[in-house]
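In this text, residue positions in the sequence shown follow this note's numbering: the first is 1042, and each later residue adds one.
Idealized CB from N, CA, C, for every residue including glycine.
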Amino acid sequence: MAVFTQGTPCWVDAQLPDLEAGKRFYGELFGWSFDPERDEARLDGKRVAGLLPKRDGRMPTTWTVYLATTDAGALAARIKAAGGQMVMEPYPVGPFGVRALAADPGGAVFGLRQSGDDDGFEAVNRPGAFCWMEVYTREPESVDTFYATVFGWLGRQADPAAEGRDGSFDYRVWSPPGSRTGDDSAFGGRALMTDAFPAELPGHVLPYFAVHDCDAACATAVRLGGRVATDPFDTPHGRIAVLHDNQGARFAVLAEPAD
1042 MAVFTQGTPC WVDAQLPDLE AGKRFYGELF GWSFDPERDE ARLDGKRVAG LLPKRDGRMP
1102 TTWTVYLATT DAGALAARIK AAGGQMVMEP YPVGPFGVRA LAADPGGAVF GLRQSGDDDG
1162 FEAVNRPGAF CWMEVYTREP ESVDTFYATV FGWLGRQADP AAEGRDGSFD YRVWSPPGSR
1222 TGDDSAFGGR ALMTDAFPAE LPGHVLPYFA VHDCDAACAT AVRLGGRVAT DPFDTPHGRI
1282 AVLHDNQGAR FAVLAEPAD
């Protein structure tokens, strides 16, 4: 059984209207294979993500990032007390433990995963695997307080100059409790949704997947029926783009800088 630091990403999955089309898309884009017995994607035989058929057409087609917990019930109570809400109360999933869905005060939805016997990431931070998460919000103060209160996340405001941005750049980098804040311990960040974002786009959690070549990944995604939401751009941490898959699920890709 994999052991994950409390409150840090331990899994991602997407519920798709056409599961087989999703397998073809991500299989070619990331080199994933698929376990015929489980709704899981594998990279060189290691678990990296879940792809599931969408059972409720009213639900959005989206990726969900799950945060690790040893007690989903107690965590659900803390979420509600801190101003969040439970979208789906904790429920057992057999050998995969207990799961739940929650939303922060800005409306961004994330999952909870109380570990089971055989689940969670077996590979991260390599091309084709999860590498980062971002919470996008229009309510940064309440959202920052929420995650610090519920999960004990340690936050550090990014330096706009160091990121190559102007002084209005508002980005908070998160590290797990008990760590020293910095790039070595960081697992995600909080980004401010400015007027540049469509008004109808709600607060959301964006998963990142590592790739060898950001531009090539964008070209492949488009060829496979996806689209580019944010064109590739360079940062001190690598070249990034935001994509939608061939069924509308939103995610980002990151190619780290060459050594």
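Measuring CA to CA, which of the options is closest to residue i?
i, options, result
"A1290", "P1077, F1045, D1059 and T1049", "D1059"
"F1066", "E1297, R1268 and S1156", "R1268"
"D1160", "V1053, L1265, A1203 and A1296", "V1053"
"L1084", "Q1155, A1164 and G1138", "A1164"
"F1045", "L1142, D1145, G1068 and G1157", "G1157"
So residue i is in the alpha helix (DSSP H); what residue range does that whole segment cover?
i, result
"A1262", "C1255 to R1264"
"F1292", "Not the alpha helix (DSSP H): F1292 falls in the beta strand (DSSP E), residues R1291 to A1296."
How many Å lie between residue i and residue j at the Cα?
i, j, result
"L1242", "A1117", "25 Å"
"R1119", "Q1198", "25 Å"
"L1153", "A1203", "33 Å"
"M1042", "E1061", "The predicted position of M1042 is uncertain, since its pLDDT is 46 and thus under 50; a value taken from the coordinates is nonetheless stated next. Rounded to whole angstroms, M1042 to E1061 spans 29 Å at the Cα level."
"A1055", "G1091", "6 Å"
"R1099", "G1063", "19 Å"
What do you get for residue i, buried or exposed, if any count of 16 or more other CB atoms within 10 angstroms of its CB means buried?
i, result
"V1246", "buried"
"P1094", "exposed"
"A1109", "buried"
"G1219", "exposed"
"T1103", "buried"
"E1081", "buried"
"N1287", "buried"
"D1145", "buried"
Tell me which residue opens and which closes the beta strand (DSSP E) that residue i is part of.
i, result
"G1068", "Element bounds for G1068: not the beta strand (DSSP E) but the alpha helix (DSSP H), L1060 to F1071."
"G1091", "K1087 to P1094"
"R1213", "Y1212 to S1216"
"V1246", "H1245 to A1251"
Under 8 Å, with one C-beta from each stretch per pair, do the segment 1158–1170 and the segment 1182–1195 reach the 3-pair mark? Contact between the segment 1158–1170 and the segment 1182–1195 is absent: fewer than 3 CB-CB pairs across the two stretches fall below 8 Å.
Could you tell me whether the segment 1071–1085 touches the segment 1268–1279, using the rule of 3 or more Cβ pairs below 8 Å? Contact fails: fewer than three Cβ-Cβ distances are below 8 Å.
Is the segment 1192–1207 touching the segment 1217–1236, taking contact as three or more C-beta pairs under 8 Å? yes
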